[in-house]
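Student: Numbering (the numbering used here), first residue to last: 329 to 428. Just so it is clear, CB atoms sit at the ideal spot from N, CA and C, and this is done for glycine as well. For clarity, every value in this text was computed on a predicted model and none was experimentally measured.
1. Please list the terminal residues of the continuous alpha helix (DSSP H) segment that includes residue 345.
2. Does residue 407 come out as helix, strand or coil in the three-state DSSP assignment?
3. Among 376, 419, 332, 337, which has the Cα closest to the Cα of residue 355?
4. Just to confirm, is the Cβ distance from residue 340 to residue 373 under 9 angstroms?
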């Protein structure tokens with residue numbers, strides 16, 4: 329439609345999507361790029377065109393995953409400490425009762 333000049337002004341053709349591997353998409357695959365779908369956007373959005381914004385988004389997601397992992401590890405530490413405390417009490421009780 330762009331070549332026939334029947335597309336809206338400023339329309340951007342989507343990049344071709346190869347049919348091989350279509351079911352093995354990555355988060356950065358071209359299929360997720362919605363540039364040109366909405367009218368009134370002659371330039372691609374910053375999250376798509378600006379490398380600084382893209383890098384910032386990736387870093388923000390990495391920080392989020394690190395924070396999630398830290399919370400998970402903290403819960404795991406608490407569970408292990410509680411388990412070890414119960415085991416330690418069992419060992420002490422066994423030692424105290426061993427002489428009887």
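Tutor: Taking the definition as stated:
1. Looking at the DSSP string, residue 345 is not in any alpha helix (DSSP H), and its letter there is neither H nor E.
2. Helix.
3. The option with the nearest alpha carbon to residue 355 is 376.
4. Cβ atoms of residue 340 and residue 373: not closer than 9 angstroms.
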